[in-house]
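Trainee:
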Amino acid sequence: MAVALNTLVEEADRYLTSNRISDYCPNGLQVEGKPQVMRIVSGVTASQALLDAAVEAQADLVLVHHGYFWKGENPCITGMKQRRLKTLLNHDISLLAYHLPLDLHPEVGNNVQLARQLDITVEGPLDPDNPRIVGLVGSLTEPMTPRDFARKVQEVMGREPLLIEGQAMIRRVGWCTGGGQGYIDQAVLAGVDLYLSGEASEQTFHSARENGISFIAAGHHATERYGVQALGDYLARRFALEHIFIDCPNPI
42 MAVALNTLVE EADRYLTSNR ISDYCPNGLQ VEGKPQVMRI VSGVTASQAL
92 LDAAVEAQAD LVLVHHGYFW KGENPCITGM KQRRLKTLLN HDISLLAYHL
142 PLDLHPEVGN NVQLARQLDI TVEGPLDPDN PRIVGLVGSL TEPMTPRDFA
192 RKVQEVMGRE PLLIEGQAMI RRVGWCTGGG QGYIDQAVLA GVDLYLSGEA
242 SEQTFHSARE NGISFIAAGH HATERYGVQA LGDYLARRFA LEHIFIDCPN
292 PI
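Those letters in the sequence shown? Residues 42 to 293, per the working numbering, in order.
1. By Cβ distance below 6 Å, which residues in the same chain neighbour P67 in space, the five residues on each side in sequence not counted?
2. Is the distance from the Cβ of H344 to the Cβ of G220 below 8 Å?
3. Run the CB neighbour count on N151, radius 10 Å, all protein chains shown included, and call it buried at 16 or more, exposed below.
4. Can you give me the Cβ contacts of P290 inside the same chain, cut-off strictly under 8 Å, excluding the 5 residues immediately before and after it?
5. Name, in chain order, the residues that DSSP records as bridge partners for C66.
6. On the three-pair Cβ rule with 8 Å, is the region 188-205 touching the region 154-167?
7. What residue from K193, E164 and V105 has the CA that sits closest to A53's CA?
8. Could you spell out the range, first to last residue, of the alpha helix (DSSP H) harbouring L136?
9. Between the region 233-253 and the region 272-287, do three or more beta carbon pairs fall short of 8 Å?
10. Quick one, which of A228, T182 and I285 has its alpha-carbon nearest P166's?
11. Note down, in chain order, each residue of its chain lying with its Cβ closer than 7 Å to the Cβ of G179, except the 5 sequence neighbours on either side.
12. With burial defined as no fewer than 16 other Cβ atoms inside 10 Å of the residue's Cβ, what is the status of A231: buried or exposed?
13. CB-CB under 6 Å to V44, same chain, minus the five flanking residues each way: which ones, in chain order?
14. Here's the rule: buried if 16 or more other CB atoms are within 10 angstroms of the residue's CB, otherwise exposed. What is G113?
15. When the Cα of I293 is compared with those of V85, V175, H284 and H146, which residue comes out closest?
16. Nearest CA to the CA of C217: which residue from Q244, I211, L141 and D170?
17. Check L282 in the structure and name its three-state DSSP category.
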């Protein structure tokens, strides 16, 4: 079956309440392709590798977490940006991108989906007084050592995470997918035993050590693979479409 592009975009915007969320990029339809959609290809980032794979898969629409047109970037359509847009336009493929709306969503959001992968029970936001912080806090069914939890992360992510090991058993966890390492101070205030994010900064090590908690950096790309898959599955079920998730591995 096929669905009108406008109908699919309207449903995705409604489902993610994207018009209510201030972001660093436009959310929703970024590049308009053919007016009917039968096959969706999803991925984390609208890289050239993903676009080439979408062309090969004969996709009508590419759905991503990291799209284009970020605030502060050079607006000129040259170089890498020109090649990416040319690929989409030459093959009449639409690009649909959701950044913070896909981090925040309570069902298909990156943070909620990562919790399901790691068997963490979500308790609430990382900082209830600051809605701009998109991380969550939750608990494990059974306490684990930091190394055992890191092994679980490795099994799920398919890559060895960076572990800064604290002394306490892991019962309560704070996390924010992607580049959320800067929220470690809020995680400390929330009383977690371990904070997990995609990336780490130089000061993250000191914050973890001096505040007596464990920290895991599991990869920006790796921690953000699950939200876009869940959103693609939702849209495919909603409109009886074909959905293919294509992972273009990124070690960062």
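Note that the Cβ used here is the ideal one computed from N, Cα and C, for glycine as well.
Note that the structure is predicted; figures quoted are calculated from it, not measured.
Mentor: On the basis of the data shown:
1. As a position in the sequence shown, residue 67 is number 26, starting the count at 1. Answer for P67: F110, listed in chain order.
2. Since the first and last residues shown for the chain are 42 and 293, residue 344 lies out of range.
3. Translated into the one-based positions of the sequence shown, residue 151 becomes position 110. Label assigned to N151: buried.
4. The residue you call residue 290 lines up with position 249 of the sequence shown. If we look at P290 and ignore the five residues flanking it on each side, its Cβ neighbours are H262.
5. Taking the sequence shown and counting its residues from 1, one reaches residue 66 at position 25. Partner residues in a beta bridge of C66, as assigned by DSSP, do not exist.
6. yes
7. Walking along the sequence shown from the start, residue 53 turns up at place 12. When only C-alpha atoms are compared, the closest one is V105.
8. Locating residue 136 in the sequence shown gives position 95, counting from the first residue. Element bounds for L136: not the alpha helix (DSSP H) but the beta strand (DSSP E), S135 to A138.
9. No contact exists between the region 233-253 and the region 272-287.
10. Working through the sequence shown from its first residue, we reach residue 166 at position 125. It is A228 whose Cα lies nearest to the Cα of P166.
11. Along the sequence shown, one-based indexing puts residue 179 at 138. Contacts found: A156, I161, T162, V163, E164 and V214.
12. As a position in the sequence shown, residue 231 is number 190, starting the count at 1. A231 should be labelled buried.
13. On the sequence shown, residue 44 is found 3 positions in, with the first residue counted as 1. Taking C-beta separations shorter than 6 Å and ignoring five residues to either side along the sequence, the partners of V44 in its chain run V78 and F280, following chain order.
14. Taking the sequence shown and counting its residues from 1, one reaches residue 113 at position 72. G113 comes out exposed.
15. Counted from its first residue, the sequence shown places residue 293 at position 252. The shortest C-alpha separation from I293 is found at V85.
16. Locating residue 217 in the sequence shown gives position 176, where the first residue counts as 1. Minimum Cα distance to C217 is reached at L141.
17. Residue numbering aside, residue 282 sits at position 241 when the sequence shown is read from its first letter. Reduced to three states, the DSSP call for L282 is coil.
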